[in-house]
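>
Residue numbers (this note's numbering), protein chains in the order written: chain A, 1 to 327; chain R, 328 to 979.
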């Protein structure tokens, strides 16, 4: 889109969608919400039409007039088709999985289409010049998924902001678009800092040296598999013996628990501390070492597993942020 | 926003193919090397897309473009003008294919492809060409749709069907624009006239010219008479008058223009309307003698009518004629002198023969009669006369004695001049065929004819047609009767005992005539006439704009409402639709699925009640469950598999 049309569209959208965020799902794309404007290709097409008309007049070509008018009408009709390609779609927000800062966050939209098939419907973040769009076809009489990938810059709760649903199908002469502003957020964990190094075993207090080390195969018992258990915990031999899906449990044979302590990281800035703690959380999970997390005002007792990990990472992600807004 | 990924093999193939279709009619006019460059560029581009190669750099492209321009200059000796312009446009657009790197480049090629379609109309505006170009536009729009299908590869149907619908929906609005858009009479600037040969009469005649024309079945003009069509023997369509004898043949004098024809009418006026096919000359044709002149025509002293501009588009004019007349009965010898000159160096025997005849028959009337008898006795009418040498009239009159109308008219006029009787050759068309479907008289190129006029004291210029003496059938019943079956059309007519082909030919001609009237010949005048028909005389542009806006509103708005109404209908998914069809098929065998019955329960019932269908139905229903409750909404293959299975299902 040209600078002018981009600016114009921003003005129109600012004026039209004042104070509509966040919206309650589903958002149905009605004619009130759909905007349409010629694309740069569309303007070029209009220029070619003028050339065709001049040639027809000059060479007295009646069939040239017919061709010119057929194409002009086609252009006009394509506007309706482009509009129709968005009209009546119902948009629902989908689930968003947490991610790490520096990684990509995937926001999902579920789009229900009660009418004819739609093609090449795009979604991108509104009001961003170089926002990368994602395209999808929407099957008739059913629902389809569109997911938008956005780079997560920093920890916290990242809102996906207002999204632009748009299309230029079928002939690319018009750009039809609509905004949806759901309250969709993605939890962004701090970016793990490998510089943290090995787990801070010496920093765990009494230092009696009977702490299990990574790769310890001594397990205490087998228990039934629970959601969230990692693959590494699964007792594959037991599974092979057809004893069912069992998980190796590493008992707290050690008297000293591993505490990941914010306060212990002296000499680092707040974000650096969080990044190191995040790295250790992941390392501890990998090494199957139970760990606890201590942040100023927050203490999570030592444990292991998916749920524990997610809880710790969430505290790290949101630490010190008001309303969870990204730092 | 959308980059090079749009240039997939399928998209490029479509674009190259569409270009091939639109260029094809030009190939007959292009230099062979230009066609070869186009073909090579298309193939090269396709190869690049197929193998994911890089497009050639600007140095290579610049070199090729320069070579093409140089070649064009060598071929046409200029770089501006219609022919060379069209050629350069075609070749450069083919080269642009190679320079195409982004979707935007492809758009440029497609839109200029529409312009290429228009250039075809410079050479032909027939129904066939119109339909062919419509197909080309369809292909281009289908290609355009392919480029705008960003995330998925469309099937052939996915391209052609929406493109076809889009065009069909545009037709009402196109018709409104065509008739109501204010027409300006072109050209806006002077068009360089390239030598474009069209069949038709020329400003000179030597033996063989008209017989060449006679083999063309092309329509010269169509005529609509206000009353009855006159007798065939009166249908002499006067065209170029050739007064100058020049050895081998006859040429035109530069006759002065006159304000009006002066003559004494001896019969009532016949009124009619002529619609002429373009022939790139200024001749206008009318029955001998035209009584009134169309507005943009001028008259010449020897009773010729000329258009002020060459007729390079369909031209229609209303005119009247008096079939019996007396002209220039009182001309002075000085005025007539130029019709007595002849080239004394050629055809000595003919000249001697003329002088000898004059002495034998001092009365010109008796002389004419005697010559007619001679033609009738000794000469044979043929479309394929033998070639003649340096003294063609001598060889014809005293040697071959086989000739066509130009031989008879040319030799007769020369003899008359040698005998001291003022004479001239008149060319034009003779006869015509009434199309019973359109009730119009159709005059074809094959009816081109040459006859003579001689001047006699007190009687003025009289038409004498020596061909009539040789072959009265030619004048009474037309060309095909005089020559027997000639050409495709006449053979066809001959073989067509039931008359079906003939009536088809008449219908096709009538359709062409309507096409010419309402499409090709629809111009500013016709538009004004149409508004007069609506009861708006002297329409101004404001009224026309109002009508146009109103028309577009009705046609576009109406079509839009229909489209939106269709869009607002709820659709079932193809999977559900196919499943319902499948259930209905079993339902016809008496096993009706209850509304609350799930597919698995239904299958169980089929197993019990229609075991012969069970095996097939199980496949279908398993596929349905896989498609309907697929883990991913984007799982296209399971949906496709189910729809195929359901479609193939046949209840035993």
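Glycine is no exception: its CB is placed at the ideal position from the N, C-alpha and C atoms.
The model shown is predicted, which means the values in this text are computed figures rather than measured ones.
1. Along the alpha helix (DSSP H) that carries residue 397 of chain A, what are the first and last residues, could you check?
2. Looking at the strands, I want to know which residues DSSP matches up with residue 177 of chain A.
3. Per DSSP, which residues does residue 419 of chain R bridge with? Please list them.
4. For the segment 69-82 of chain A, which residues have a beta carbon sitting closer than 8 Å to at least one beta carbon of chain R?
5. Can you list, in chain order, the residues of its chain whose CB lies under 6 Å from that of residue 721 of chain R, leaving out five sequence neighbours each side?
6. Ends of the beta strand (DSSP E) at residue 294 of chain A?
7. Using a Cβ-Cβ cutoff of 7 Å, what residues of the segment 96-130 of chain A are near chain R? List them in chain order.
8. Relative to the C-alpha of residue 561 of chain R, which candidate in R:537, R:950, R:757 and R:860 has its C-alpha closest?
9. In whole angstroms, what is the alpha-carbon distance linking residue 868 of chain R and residue 879 of chain R?
10. So, under 8 Å CB-CB, residue 318 of chain A and residue 890 of chain R are touching, yes? Tell me the CB distance rounded to an integer number of Å.
11. Give the DSSP-derived three-state secondary structure of residue 189 of chain A in the structure shown.
12. Please compile the residues from chain R whose C-beta is within a distance smaller than 7 Å of the C-beta of residue 139 of chain A.
13. Could you please give me the residues that DSSP links to residue 577 of chain R through a beta bridge?
14. Kindly list, in the order they appear in chain R, the residues whose Cβ is closer than 8 Å to that of residue 171 of chain A.
15. Could you name the residues of chain A that residue 1013 of chain R contacts, counting a contact when the two beta carbons are closer than 8 Å?
16. Give me the residue from A:146, A:287, A:282 and A:300 with the minimum Cα distance to residue 164 of chain A.
17. Our contact map puts residue 527 of chain R next to residue 597 of chain R with C-beta atoms below 8 Å; I'd like the distance itself, whole angstroms only.
18. How about residue 258 of chain A and residue 290 of chain A: are their beta carbons less than 9 Å apart?
19. At 7 Å on the CB atoms, spell out the chain R contacts of residue 30 of chain A, in chain order.
20. Mind listing, in chain order, the continuous beta strand (DSSP E) runs of no fewer than 3 residues lying wholly within the segment 582-630 of chain R?
21. Just to confirm my understanding: we take residue 549 of chain R, look at its own chain, exclude 5 residues before and 5 after, and list those with CB closer than 6 Å. What are they?
22. Just checking: is the beta-carbon of residue 87 of chain A within a distance shorter than 9 Å of some beta-carbon in chain R?
23. Could you give the first and the last residue of the continuous beta strand (DSSP E) run that contains residue 649 of chain R?
24. Using a C-beta to C-beta distance shorter than 8 Å, which residues of chain A count as neighbours of residue 827 of chain R?
25. Helix, strand or coil, according to DSSP, for residue 560 of chain R in the structure here?
26. Which stretch, first to last residue, makes up the alpha helix (DSSP H) that contains residue 496 of chain R?
27. Starting from the beta carbon of residue 52 of chain A, find every residue of chain R whose beta carbon is closer than 8 Å, and list them in chain order.
28. According to a CB-to-CB cut-off of less than 9 Å, which residues of the segment 878-904 of chain R neighbour chain A?
29. Is residue 690 of chain R near the ligand SAH, with its Cβ less than 8 Å from a heavy atom?
30. In chain A, which residues lie with their C-beta within 7 Å of the C-beta of residue 489 of chain R?
31. Who are the near neighbours of residue 216 of chain A in its chain, counting only those whose CB is closer than 6 Å to its CB and skipping five residues on each side?
32. For residue 778 of chain R, which beta-bridge partners are listed by DSSP?
33. Should residue 838 of chain R and residue 454 of chain R be called a contact, given that it needs their Cβ atoms to be closer than 9 Å?
34. Return the CA-CA distance between residue 745 of chain R and residue 670 of chain R, expressed in angstroms with no decimal places.
35. Which same chain residues end up closer than 6 Å to residue 35 of chain A when comparing Cβ atoms and leaving out the 5 residues on each side of it in sequence?
36. Using a beta-carbon distance below 9 Å, is residue 416 of chain A in contact with chain R?
Here's the rundown:
1. Outside the displayed range of chain A (1 to 327) lies residue 397 of chain A, so it cannot be described from this structure.
2. Beta-bridge pairing links residue 177 of chain A to A:35 and A:166.
3. Beta-bridge pairing links residue 419 of chain R to no other residue.
4. So the close ones are 69, 70, 71, 72, 73, 74, 76, 77, 78, 80 and 81.
5. Only 674, 676 and 677 meet the Cβ criterion.
6. It spans 291-295 - the beta strand (DSSP E) in which residue 294 of chain A sits, taken as one unbroken run.
7. Answer in chain order: 114, 115, 116, 119 and 120.
8. With distances taken between CA atoms, residue 561 of chain R lies nearest to R:757 out of R:537, R:950, R:757 and R:860.
9. Cα to Cα, residue 868 of chain R sits roughly 16 Å from residue 879 of chain R.
10. Contact flag wrong, Cβ pair sits at about 50 Å.
11. Correct three-state label for residue 189 of chain A: strand.
12. Ordered by position in chain R, the residues that pass the 7 Å Cβ test against residue 139 of chain A are 900.
13. Answer is R:532 and R:572.
14. Neighbours of residue 171 of chain A across chain R, judged by C-beta separation under 8 Å: 468, 471, 472, 475 and 493.
15. The structure shown does not extend to residue 1013 of chain R, since chain R is modelled only from 328 to 979, so the question has no answer here.
16. Here the closest residue by C-alpha is A:146.
17. The beta carbons of residue 527 of chain R and residue 597 of chain R sit about 24 Å from each other, so the pair does not count as a contact at 8 Å.
18. Going by C-beta atoms, residue 258 of chain A is nearer than 9 Å to residue 290 of chain A.
19. Within chain R, not a single residue places a beta-carbon under 7 Å from that of residue 30 of chain A; the smallest gap is close to 11 Å.
20. Assignment of beta strand (DSSP E) within the segment 582-630 of chain R, counting only whole runs of 3 or more residues, yields 596-603 and 624-627 in chain order.
21. Taken in chain order, the residues that qualify are 602, 767, 769 and 840.
22. Using a CB distance cut-off of 9 Å, residue 87 of chain A counts as an interface residue toward chain R.
23. For residue 649 of chain R, the enclosing beta strand (DSSP E) covers residues 642-649.
24. The contacting residues do not exist; residue 827 of chain R stays about 30 Å from chain A at best.
25. It is helical.
26. For residue 496 of chain R, the enclosing alpha helix (DSSP H) has its first and last residue at 483-507.
27. Here the neighbours are 441, 442 and 445.
28. Those would be 879, 882, 883, 886, 887, 890, 891, 893, 894, 895, 896, 897, 898, 899, 900, 901, 902, 903 and 904, in chain order.
29. Among the components modelled here there is no ligand, and therefore nothing to report on the ligand SAH.
30. At a C-beta separation below 7 Å, residue 489 of chain R has these neighbours in chain A: 170.
31. Note on residue 216 of chain A: pLDDT 44, under 50, position unreliable in the model; the coordinate value appears next. Around residue 216 of chain A: no qualifying Cβ.
32. Bridge partners of residue 778 of chain R: R:753.
33. Yes; because the gap between Cβ atoms is below 9 Å, this pair is in contact.
34. For residue 745 of chain R and residue 670 of chain R, the distance between alpha carbons rounds to 10 Å.
35. If we look at residue 35 of chain A and ignore the five residues flanking it on each side, its Cβ neighbours are 177.
36. Within the shown structure, residues of chain A are numbered from 1 to 327, placing residue 416 of chain A beyond reach of any answer.
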